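First to last, the protein sequences are chains A and B.
Per full-length UniProt numbering, the very first residue in the first sequence carries number 1; after that it's consecutive.
Per full-length UniProt numbering, the very first residue in the second sequence carries number 1; after that it's consecutive.
Idealized CB from N, CA, C, for every residue including glycine.
Since we're looking at a predicted model, the values are computed, not measured.
2 protein chains.
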Amino acid sequence: MEAPAVRYSGAVQQDLQDFQPVKSAGRTLDVLEVLADEPRSWTLVELARALDIPKSSLHGLMRTLTARGWVRADETGTRFRLGMRALRVGAAYLDGDDSVAVISAVLDELSRRLGETVHLGRIDGNQIVYLAKRDSTHRLRLYSSVGRRLPAHATALGKALLAQHTDGDVDRMLAWPLERLTPGTVTERGDLHRALAAVRDAGYAVDREENAEGIMCFAMAVPLTDPATDAVSVSVPTSRMSADVERRIVAALTDLIRPLGQARSMLSA
Amino acid sequence: MEAPAVRYSGAVQQDLQDFQPVKSAGRTLDVLEVLADEPRSWTLVELARALDIPKSSLHGLMRTLTARGWVRADETGTRFRLGMRALRVGAAYLDGDDSVAVISAVLDELSRRLGETVHLGRIDGNQIVYLAKRDSTHRLRLYSSVGRRLPAHATALGKALLAQHTDGDVDRMLAWPLERLTPGTVTERGDLHRALAAVRDAGYAVDREENAEGIMCFAMAVPLTDPATDAVSVSVPTSRMSADVERRIVAALTDLIRPLGQARSMLSA
DNA sequence: GACTGACGTTCAAAATAATGAACAACTTGC
DNA sequence: GCAAGTTGTTCATTATTTTGAACGTCAGTC
Chain A
1 MEAPAVRYSG
11 AVQQDLQDFQ
21 PVKSAGRTLD
31 VLEVLADEPR
41 SWTLVELARA
51 LDIPKSSLHG
61 LMRTLTARGW
71 VRADETGTRF
81 RLGMRALRVG
91 AAYLDGDDSV
101 AVISAVLDEL
111 SRRLGETVHL
121 GRIDGNQIVY
131 LAKRDSTHRL
141 RLYSSVGRRL
151 PAHATALGKA
161 LLAQHTDGDV
171 DRMLAWPLER
181 LTPGTVTERG
191 DLHRALAAVR
201 DAGYAVDREE
211 NAEGIMCFAM
221 AVPLTDPATD
231 AVSVSVPTSR
241 MSADVERRIV
251 AALTDLIRPL
261 GQARSMLSA
Chain B
1 MEAPAVRYSG
11 AVQQDLQDFQ
21 PVKSAGRTLD
31 VLEVLADEPR
41 SWTLVELARA
51 LDIPKSSLHG
61 LMRTLTARGW
71 VRADETGTRF
81 RLGMRALRVG
91 AAYLDGDDSV
101 AVISAVLDEL
111 SRRLGETVHL
121 GRIDGNQIVY
131 LAKRDSTHRL
141 RLYSSVGRRL
151 PAHATALGKA
161 LLAQHTDGDV
171 DRMLAWPLER
181 LTPGTVTERG
191 DLHRALAAVR
201 DAGYAVDREE
211 NAEGIMCFAM
221 AVPLTDPATD
231 AVSVSVPTSR
241 MSADVERRIV
251 AALTDLIRPL
261 GQARSMLSA
């Protein structure tokens, strides 16, 4: 029997095999996730339909969630959205993360040195989650990106992280066919493999208007873990782009990100 | 029979009376809240003790939570922290909130005009939750405040919102005795009542190093609801403080916050 | 103004989860 | 290197929840 890439010492770790989730716990998360994915007012019946749960079952759940402040009901008590407790866990996730703390200073310095928008992203399955952001102009609202997700294949952050894996692993990690966000999005398997080879070669990843038109990004994986799960990116409007700007960005990323490899031991978790 | 302050049309709204929460749903939230309140690694037994749940019961719950990405187990599978899904609901709470969207432009303008740190806060029980922030210098990390909580009585935001209620209501809303955060924190009931009267008189609230030494805040309730639940504050280091700075801050708050009263109809929820 | 349709609520039977005791695996101390 | 203590896991029994059908309530329609 082949050993898995990472061994578990036999603790609370579902072995991919059969495993019976606690039904009402799973449904609790289902409700929160649906409310998060579509941040609008939902009625009980809408939720019941979306989740394929009998409305009578959902009724008790919603009472529990609203009583606890995780879900907020409007004055009539018939429409639901996320409640304030939901905000807290999000902030706490970031607070408790050692990597975020270590990389935070790097983001500050990058932002100061380049004056462009800087992101810290983490890969989660086939998506990139934005964990932190610095923006000199403050034009964009901070909550506009932290917590948000984009398909990994369409972002510099994602490509920087995917490049750590073999083509075969990448094929398994992503959801095919690849979603197209702009005309520039790489959606062909061969094109993506070539792009990732280029990333391995250069040591950083580039996104040329592949998820948003008018924006280019440069990203480098953060070598705090192996394989890396976090990456840092710098975003620039194409209007401001030039070979010189690219050189400066890559130099800053190299200067600041590469030394983090030495700090790996700090993350004993 | 006396009607409650707010009438419910008989929907999912726990009537304060008896009501049986769904046990495993409540425990799911318990786990997330403990992990959020103490963002460190927890073992199963630690959690079981903290929540007074048999470890065998918790075991299944944790498997469900980790399988869903709301909790992350370390490589050994024996230590737990919040997972990435937790981040998403936090961001989504803010996205889905109409008040935050409306007030966001005001924060941008205040930040531009004053060049000082600006916060949007919401009252939750006896606490103020920070919903958004603008900081010109970017010295402080953004996630250092969004989602964070402080006792209402010790903040300008909190006093601006508490001042909307009668002294009797305030007494019921707060947790007595009041927590002291700095030597300047108002903890005496009479002092607080006098402070709130001053807020009603002036139309804005002041915090003079009452939650952090060296920082003063000025806050005004946002009249989008009645009573208001949100307030906006401007924070200034005492070193930079002067009568003129105070005048400019109060003028800016008055200019930008007061007109929002007309936008109240926008929030039909 | 009664009818129609949609939604939220309640209830008793059927399905599911919680429990504590026992076991296994790891860590610690001597 | 062994024993004691701690932690994670499993299992049958008990307690709880889920479910579908029935009822109440509301808004809109003819």
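* Asked: Hey, is the segment 88 to 107 of chain B in contact with the segment 210 to 219 of chain B, meaning 3+ C-beta pairs nearer than 8 Å?
  -> no
* In terms of residue numbering, what span does the alpha helix (DSSP H) encompassing A92(A) cover? -> Here residue 92(A) is taken as the residue at index 92 of the first sequence, counted from 1. Element bounds for A92(A): 84 to 95.
* **Sequence-distant residues of the same chain with beta carbon closer than 6 Å to T66(A), five excluded per side** => Start at 1 with the first residue of the first sequence, and residue 66(A) comes out as number 66. Same-chain partners within the cutoff: A73.
* Asked: Could you give the distance in angstroms between the alpha-carbon of V45(B) and the alpha-carbon of M241(A)?
  -> Taking the first residue of the second sequence as 1, we reach residue 45(B) at position 45. Taking the first residue of the first sequence as 1, we reach residue 241(A) at position 241. C-alpha separation (whole angstroms): 54 Å.
* V234(B) to A202(A) span [Cα, whole Å] -> Taking the second sequence and counting its residues from 1, the one referred to as residue 234(B) is at position 234. Taking the first sequence and counting its residues from 1, the one referred to as residue 202(A) is at position 202. So the alpha carbons of these two residues sit roughly 45 Å apart.
* Return no unless some Cβ of chain B is closer than 9 Å to the Cβ of V22(A). => Reading the first sequence from its first residue, position 22 is the one you call residue 22(A). Yes, V22(A) lies at the interface with chain B (some Cβ there is under 9 Å from its Cβ).
* Excluding the 5 residues preceding and the 5 following T187(A) in the sequence, name in chain order all residues of the same chain whose CB lies nearer than 6 Å to its CB. => Working through the first sequence from its first residue, we reach residue 187(A) at position 187. Once the five neighbours on either side are set aside, the close Cβ partners of T187(A) are L178, R180.
* Locate the beta strand (DSSP E) running through M216(A), then write down its first and last residues. => Looking up residue 216(A) in the first sequence gives position 216. Run containing M216(A): 215 to 221, per the beta strand (DSSP E) assignment.
* **Buried versus exposed, by CB contacts within 10 Å (16 or more), S56(A)** => What you label residue 56(A) is simply residue 56 of the first sequence in a count that begins at 1. Answer is exposed; the Cβ neighbour count stays below 16.
* To do: Would you list, in chain order, the members of the segment 73 to 87 of chain B that have their beta-carbon closer than 9 Å to a beta-carbon of chain A?
  => A73, D74, E75, T76, G77, T78, R79, F80, R81, L82, G83, M84, R85, A86, L87
* In three-state DSSP terms, what is Q13(B)? -> Position 13 of the second sequence holds residue 13(B). With a pLDDT of 38 at Q13(B), under the threshold of 50, the modelled position of that residue is not reliable, and the figure given next carries that caveat. Reduced to three states, the DSSP call for Q13(B) is coil.
* To do: Express the C-alpha separation of G125(A) and V232(A) in angstroms, rounding to a whole number.
  => In the first sequence, counting from the first residue as 1, residue 232(A) sits at position 232. In the first sequence, counting from the first residue as 1, residue 125(A) sits at position 125. Straight-line Cα distance between these residues: approximately 18 Å.
* To do: Please report the residue range of the alpha helix (DSSP H) in which H193(A) lies.
  => Locating residue 193(A) in the first sequence gives position 193, counting from the first residue. Run containing H193(A): 189 to 202, per the alpha helix (DSSP H) assignment.
* What do you get for A195(B), buried or exposed, if any count of 16 or more other CB atoms within 10 angstroms of its CB means buried? -> Start at 1 with the first residue of the second sequence, and residue 195(B) comes out as number 195. With 16 or more Cβ atoms within 10 Å of its Cβ, A195(B) is classed as buried.
* To do: Check whether the Cβ atoms of T229(A) and L161(A) sit closer than 9 Å, and answer yes or no.
  => To locate residue 229(A), count along the first sequence from 1; it is residue 229. To locate residue 161(A), count along the first sequence from 1; it is residue 161. Taking 9 Å as the Cβ cut-off, T229(A) and L161(A) qualify as a contacting pair.
* DSSP three-state call for L142(B): helix, strand or coil? -> In the second sequence, the residue the question calls residue 142(B) occupies position 142. Because the pLDDT at L142(B) is just 41, under 50, the model does not fix this residue reliably, and the point stays unresolved.
* Indicate the three-state DSSP secondary structure (helix, strand or coil) for S56(B) in the structure shown. => In the second sequence, the residue the question calls residue 56(B) occupies position 56. Helix at S56(B).
* Asked: Nearest to R258(A) by CA position, among L87(A), Y204(A), E210(A), is which residue?
  -> As a first step, residue 258(A) is located in the first sequence; it is residue number 258 there, counting from the start. The shortest C-alpha separation from R258(A) is found at Y204(A).
* Nonlocal neighbours in the same chain, by C-beta distance under 6 Å from A219(A), ignoring five residues either side -> Indexing the first sequence from 1 puts residue 219(A) at position 219. These residues qualify, in order along the chain: A156, L157, A160, A205, A231, S233.
* Distance, V129(B) Cα to P54(A) Cα -> Your numbering for residue 54(A) matches position 54 in the first sequence. Your numbering for residue 129(B) matches position 129 in the second sequence. A straight-line Cα-Cα distance of about 34 Å links P54(A) and V129(B).
* Rounded straight-line distance, which links the Cα of R208(A) to that of G116(A) -> For this step, residue 116(A) is matched to residue 116 along the first sequence. For this step, residue 208(A) is matched to residue 208 along the first sequence. According to the sequence displayed, residue 116(A) carries Glu and not Gly. Approximately 16 Å, taken between the alpha carbons.
* To do: Give every residue of the same chain whose Cβ lies closer than 7 Å to the Cβ of D169(A), excluding the five residues on either side of it in the sequence, and list them in chain order.
  => Working through the first sequence from its first residue, we reach residue 169(A) at position 169. So no residue of the chain qualifies.
* Asked: Hey, how far is the Cα of I123(B) from the Cα of R68(A)?
  -> Position 123 of the second sequence, counted from the first residue, corresponds to residue 123(B). Position 68 of the first sequence, counted from the first residue, corresponds to residue 68(A). Roughly 15 Å separates the two Cα atoms.
* To do: Identify every residue that forms a DSSP beta bridge with H119(B).
  => Here residue 119(B) refers to the residue found at position 119 when the second sequence is read from its first residue. Its beta-bridge partners are K133(B), S233(B).
* Asked: Between P223(B) and M84(A), what straight-line distance do the alpha-carbon atoms span, to the nearest angstrom?
  -> Here residue 223(B) refers to the residue found at position 223 of the second sequence. Here residue 84(A) refers to the residue found at position 84 of the first sequence. When rounded, the distance between both Cα atoms is 20 Å.
* Quick one, which residues of the segment 29 to 47 of chain B are near chain A if we go by CB-CB under 8 Å, in chain order? -> L29, L32, E33, L35, A36, D37, P39, R40, S41, L44
* Host alpha helix (DSSP H) of D255(B) (start-end) -> Counting from one through the second sequence, the residue named residue 255(B) turns up at place 255. Counting along the chain, the alpha helix (DSSP H) containing D255(B) begins and ends at 243 to 257.
* Asked: So what's A105(A) in DSSP terms, helix, strand or just coil?
  -> By one-based count along the first sequence, residue 105(A) stands at place 105. In the three-state DSSP reduction, A105(A) falls in the helix class (H, G or I).
* Hey, would you say G60(B) sits closer than 9 Å to P21(A), going by beta carbons? -> Counting from one through the second sequence, the residue named residue 60(B) turns up at place 60. Counting from one through the first sequence, the residue named residue 21(A) turns up at place 21. Against a cut-off of 9 Å, the Cβ pair of P21(A) and G60(B) comes out as a contact.
* Use the C-beta contact count for T166(B): other C-beta atoms within 10 angstroms, 16 or more gives buried, fewer gives exposed. => Looking up residue 166(B) in the second sequence gives position 166. That one is exposed.
* Under 8 Å by Cβ, that's how I've got L120(A) and V102(A) pegged, so tell me the actual separation to the nearest angstrom. => On the first sequence, position 120 is the one that residue 120(A) refers to. On the first sequence, position 102 is the one that residue 102(A) refers to. That belief does not hold up - the Cβ atoms of L120(A) and V102(A) are roughly 10 Å apart, past 8 Å.
* Please confirm if A212(A) has its CB atom under 9 Å from at least one CB of chain B. => By one-based count along the first sequence, residue 212(A) stands at place 212. Not closer than 9 Å to any Cβ of chain B, the Cβ of A212(A) fails to qualify, so no.
* Determine the direct distance from the alpha carbon of M62(A) to that of R134(A), and round the result to whole angstroms. => Position 134 of the first sequence, counted from the start, is the residue given in the question as residue 134(A). Position 62 of the first sequence, counted from the start, is the residue given in the question as residue 62(A). For R134(A) and M62(A), the distance between alpha carbons rounds to 37 Å.
* R208(A): first and last residue of the uninterrupted beta strand (DSSP E) it sits in -> If you number the first sequence from 1, residue 208(A) lands on position 208. That run of the beta strand (DSSP E) goes 205 to 208.
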